[in-house]
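So for the sequence shown, the UniProt record's numbering puts the first residue at 1; every next one is plus one. Note sheet for the following structure.
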Amino acid sequence: MERLFDRRTEEGRANLAAFEALIYEEPTDLGPGSTEDHAAAPDPAGAADRAETSGEDGAAPGSDERPDAVDPFDLLPEAERAELVERLIADSNPRFPLAPVNAEAALRGGPPGTKPVVAGEGVKGADIEFVSDTEVRLKRENKSIGGGFNSFNRHLDHAIQEQLDGSGEIWIQVRPGTDVDRWIRRWQGVRTDGRLADYDGVAVVFRDSEGTSLGRYALSERQHRIADSET
Numbered sequence: 001m002e003r004l005f006d007r008r009t010e011e012g013r014a015n016l017a018a019f020e021a022l023i024y025e026e027p028t029d030l031g032p033g034s035t036e037d038h039a040a041a042p043d044p045a046g047a048a049d050r051a052e053t054s055g056e057d058g059a060a061p062g063s064d065e066r067p068d069a070v071d072p073f074d075l076l077p078e079a080e081r082a083e084l085v086e087r088l089i090a091d092s093n094p095r096f097p098l099a100p101v102n103a104e105a106a107l108r109g110g111p112p113g114t115k116p117v118v119a120g121e122g123v124k125g126a127d128i129e130f131v132s133d134t135e136v137r138l139k140r141e142n143k144s145i146g147g148g149f150n151s152f153n154r155h156l157d158h159a160i161q162e163q164l165d166g167s168g169e170i171w172i173q174v175r176p177g178t179d180v181d182r183w184i185r186r187w188q189g190v191r192t193d194g195r196l197a198d199y200d201g202v203a204v205v206f207r208d209s210e211g212t213s214l215g216r217y218a219l220s221e222r223q224h225r226i227a228d229s230e231t
């Protein structure tokens with residue numbers, strides 16, 4: 001090997017020159033995996049930008065809110081926000097009162113251009129209405145259930161029929177560790193598909209008393225968990 005590349009001989013110098021030319025030769029065809037810089041391909045109609053901003057997370061189901069939209073609740077004066085939270089708590093179960101974090105969450109996520117209005121104690125109808133001018137865009141009813149399934153079953157039916165008029169959202173605070181999946185399966189299990197169809201447009205949102213989101217369910221679809229609610 002040493003004789004092949006011996007610089008003292010003409011043959012060695014020729015072999016060495018040929019070898020160096022081979023290893024330092026610039027590639028002419030860069031294959032897959034090459035680390036060489038390439039010019040970026042044209043982006044038709046800003047496809048990359050759309051891909052970065054078109055995520056589905058963040059928009060409340062049933063509304064046209066975009067993730068980057070300002071929440072209507074944040075547009076209210078601080079004193080008014082605090083008053084709405086206090087009124088929701090005051091109207092909740094005195095033996096298992098609504099946690100402040102859950103009260104505030106229930107006031108958020110309304111359709112753009114609306115304002116949350118709290119009915120107050122003893123007022124018939126939904127606890128919260130998101131209104132735009134004189135139009136009610138979304139209704140929410142809050143329940144604080146410290147008991148088991150029987151209590152849930154009773155409160156859910158009452159909320160749907162008497163407080164939401166068959167359409168809207170029911171936000172339910174439960175104790176930590178509650179198996180809300182089982183509650184939903186059991187509630188839907190004793191109803192026919194035709195009966196469940198009557199609840200089209202009604203969603204149930206569960207949060208525990210520590211403020212943890214436990215899921216969002218469409219009552220008309222069996223065991224259909226829409227998503228882990230951000231709200």
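Each residue gets a CB set at the ideal place from its N, CA and C atoms; glycine is no exception.
Item: Residue 253, buried or exposed, once every other Cβ within 10 Å from all chains shown has been counted against 16; Value: One cannot answer for residue 253 here, as it falls past the ends of the chain, which runs 1 to 231.
Item: Host alpha helix (DSSP H) of Ile160 (start-end); Value: Careful: Ile160 lies outside any alpha helix (DSSP H) and carries neither H nor E.
Item: CB contact flag (Ala203, Glu169, <8 Å); Value: yes
Item: For Glu129, three-class secondary structure by DSSP; Value: strand
Item: For Ser213, the nearest candidate out of Trp171, Leu219 and Asp200 (CA to CA); Value: Trp171
Item: Meets three-Cβ-pair contact criterion under 8 Å: the segment 171-183 and the segment 133-152; Value: yes
Item: Straight-line gap, Val123 to Glu86 (C-alpha atoms, nearest Å); Value: 16 Å
Item: Helix, strand or coil at Leu156 according to DSSP, with G and I counted as helix; Value: helix
Item: Residues bridged to Asp208 (per DSSP); Value: Val174
Item: Boundaries (first-last residue) of the alpha helix (DSSP H) holding Ala79; Value: Glu78 to Ala90
Item: For Lys115, the nearest candidate out of Pro97, Pro77 and Ala218 (CA to CA); Value: Pro77
Item: Arg191, DSSP secondary structure in three states; Value: coil
Item: DSSP state of Arg137 mapped onto helix, strand, coil; Value: strand
Item: Where Pro94 falls: helix, strand or coil (DSSP); Value: coil
Item: Own chain partners of Glu104 with C-beta closer than 7 Å, once the 5 adjacent residues on each side are dropped; Value: Val85
Item: Pro116 - DSSP class collapsed to helix/strand/coil; Value: strand
Item: Rounded separation between Ala126 and His155 - CA only; Value: 13 Å
Item: Candidates Tyr217, Glu210, Gly166 and Arg140, of which the one nearest Val101 by Cα; Value: Glu210
Item: Cβ-Cβ distance between Ala197 and Ser220 below 8 Å; Value: yes
Item: Bounding residues of the alpha helix (DSSP H) (the contiguous stretch that carries Ala105); Value: Pro100 to Ala106
Item: Between the CA atoms of Ala79 and Thr192 - distance to the nearest angstrom; Value: 47 Å
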